[in-house]
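**Student:**
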Amino acid sequence: MMAFGLIALIAGAASALMFASIVSGALISLVLFYLAPLPLMVAAIGWGPLCASLGGIAAAIGLGALFGLPYCIAFAVTVALPAWWLGHLVLLSRQVGPVTPDAATEPAAGPELEWYPVGRILLWIAGFAALTTIAALLTLGTDADTIIGTLRRGLMRILRATDPQASGEADQFVDALVRIAPAAATIVAMMTLTLNLWLSARVTATSGRLRRPWPDLMTAELPPMTLVALCIALAFCFTGGLLAIVAQITTAALMMGYALTGFAVLHTLTLALKSRTFWLGSTYAVVVVFGWPVIAMVILGLADAVFGFRERFLRSRQPPPLPTP
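So this is what it looks like as structure tokens:
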């Protein structure tokens, strides 16, 4: 029990230090800030969600005592809560079949388990990314004009600090950045949460503490109703005001979810290629370097959700059934 508590405190302290490093202003602190959920996620997957919750509570209280209540709330919402809940989902399972061993010839076997689907975990990650971005924007104001104005003033201060001779063209550039800033922040939150969860699962798998089999990521797919939610969010993007900003954030999160499933589709459709490693590596490199080609992955993920490309491809690769005598 003491070892369990010590692991929880160490994970919480590591996450808190990584989260608080942002106040230093150093460039490396930005990387540490985005990796802050990693220690708590490792604790959640390797030692259980209770370990992560204890560490997260201790870390939030410590940050609140040192830096004030806003840091405590921000850490709890953006780091501790996602780490605890996503770790819980990774370990969530249910029995899908009865245990019926032949007592005379076979040893007792464990029940067959169905683990929580990867696609639904992606949907939860999208929800947390949207939640944290909306919460961050609401600290700037409670209406669209105030939020946009605060973002614009902040970006203008940064621009003038780097270029005191900023012209009217810079104003147009800042206006464009302000419009895309909520969606861009959501995409960053979505990708960093996904990376943290993948890294934490890899760490626990390497250490032998991962209690579920490694999932086949090529089969990851979002629930069917996600497409309906995306269409509704897209419609609300044209309403204006705070509702439009929330809809844009939700749309960005769901589209990144489909982008990740698009990569899963690409991994499946390239199974028959001899130069598969080259094409996959080139695709990842292009997306990482340029960014905007991720739109192709979004389209591929959406197309698979509508037309079922993976299912058709895998069905075509199966051998034909044997003729009946």
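The UniProt record's numbering puts the first residue of the sequence shown at 1, with every later residue one more than the last.
No residue lacks a Cβ here, since even glycine has one placed at the ideal position from N, Cα and C.
Would you identify the three-state DSSP class for Glu114, choosing helix, strand or coil?
**Tutor:** Mapped onto the sequence shown, residue 114 falls at position 114. Residue state, collapsed to three classes: strand.
**Student:** Among the candidates Val203, Tyr116, Leu122 and Leu113, whose CA atom is the shortest distance from the CA of Met191?
**Tutor:** Position 191 of the sequence shown holds residue 191. Checked all of Val203, Tyr116, Leu122 and Leu113; the closest Cα to Met191 is Leu122.
**Student:** Consider the Cβ of Thr226: report whether some Cβ of chain C lies at a distance smaller than 8 Å.
**Tutor:** Annotation note: the requested chain C is absent from the structure, which comprises a single protein chain.
**Student:** Residue 374 bridges to which residues according to DSSP?
**Tutor:** Residue 374 cannot be examined here, being either before or after the span of the chain that is shown, 1 to 325.
**Student:** Less than 8 Å between the beta carbons of Ala74 and Gly56, yes or no?
**Tutor:** The count along the sequence shown starts at 1 and reaches residue 74 at position 74. The count along the sequence shown starts at 1 and reaches residue 56 at position 56. No, Cβ-Cβ distance for Ala74 and Gly56 is not below 8 Å.
**Student:** Does DSSP put Phe238 in a helix, a strand or coil?
**Tutor:** Position 238 of the sequence shown holds residue 238. It is coil, neither helix nor strand.
**Student:** Do the segment 297-313 and the segment 254-262 touch if we need at least three Cβ pairs shorter than 8 Å?
**Tutor:** The answer is yes - the segment 254-262 touches the segment 297-313, with three or more Cβ pairs under 8 Å.
**Student:** Consult DSSP for Met225 and reduce its assignment to one of helix, strand or coil.
**Tutor:** Along the sequence shown, read from residue 1 onward, the residue named residue 225 stands at position 225. In this structure, Met225 counts as helix in the three-state DSSP scheme.
**Student:** For a quick check, are the C-beta atoms of Ile45 and Gly5 less than 8 Å apart?
**Tutor:** Position 45 of the sequence shown, counting from 1, holds the residue named residue 45. Position 5 of the sequence shown, counting from 1, holds the residue named residue 5. Taking 8 Å as the Cβ cut-off, Ile45 and Gly5 do not qualify as a contacting pair.
**Student:** For Tyr34, is the classification buried or exposed, using 16 other Cβ atoms within 10 angstroms of its Cβ as the cut-off for buried?
**Tutor:** Locating residue 34 in the sequence shown gives position 34, counting from the first residue. By the neighbour-count rule (16 or more Cβ atoms within 10 Å), Tyr34 is buried.
**Student:** Give the straight-line distance between the Cα atoms of Leu131 and Leu54, rounded to the nearest whole angstrom.
**Tutor:** As a working mapping, residue 131 is identified with position 131 in the sequence shown. As a working mapping, residue 54 is identified with position 54 in the sequence shown. Each residue's alpha carbon lies about 22 Å from the other.
**Student:** In chain order, what residues of the same chain lie with their CB nearer than 6 Å to the CB of Ser275, ignoring the 5 residues before and after it?
**Tutor:** Within the sequence shown, residue 275 is the residue found at index 275, counting from 1. Cβ neighbours of Ser275 beyond the five flanking positions: none.
**Student:** Compare the Cα-Cα distances from Leu266 to each of Leu210, Arg310, Pro224 and Asp175 and report the closest residue.
**Tutor:** Along the sequence shown, read from residue 1 onward, the residue named residue 266 stands at position 266. Leu266 has its Cα closest to that of Arg310, out of Leu210, Arg310, Pro224 and Asp175.
**Student:** Please name the residue in Pro70, Gly48, Ser316 and Trp85 whose C-alpha comes closest to that of Leu193.
**Tutor:** Numbered from its first residue, the sequence shown carries residue 193 at position 193. For Leu193, the nearest C-alpha among the options comes from Trp85.
**Student:** Would you mind reading off the limits of the alpha helix (DSSP H) that contains Ser316?
**Tutor:** In the sequence shown, counting from the first residue as 1, residue 316 sits at position 316. Phe309 to Arg317 is the extent of the alpha helix (DSSP H) around Ser316.
**Student:** How should Ser200 be labelled, buried or exposed, when 16 other C-beta atoms within 10 angstroms of its C-beta is the threshold for buried?
**Tutor:** Here the question's residue 200 lines up with position 200 in the sequence shown. With 16 or more other Cβ atoms within 10 Å, it is buried.
**Student:** Note down the Cα distance separating Ile147 from Asp171, rounded to an integer number of angstroms.
**Tutor:** Here residue 147 corresponds to residue number 147 of the sequence shown, with the count starting at 1. Here residue 171 corresponds to residue number 171 of the sequence shown, with the count starting at 1. Spanning the two alpha carbons is a distance of roughly 17 Å.
**Student:** Is it buried or exposed, Thr277, if we count other Cβ atoms within 10 angstroms and call 16 or more buried?
**Tutor:** Looking up residue 277 in the sequence shown gives position 277. Exposed, because fewer than 16 other Cβ atoms sit within 10 Å of the Cβ of Thr277.
**Student:** I want to know whether the segment 224-243 touches the segment 175-187 - three or more CB-CB distances under 8 Å.
**Tutor:** Touching, no.
**Student:** Locate the alpha helix (DSSP H) running through Pro39, then write down its first and last residues.
**Tutor:** Here the question's residue 39 lines up with position 39 in the sequence shown. Residues Pro37 to Trp47.
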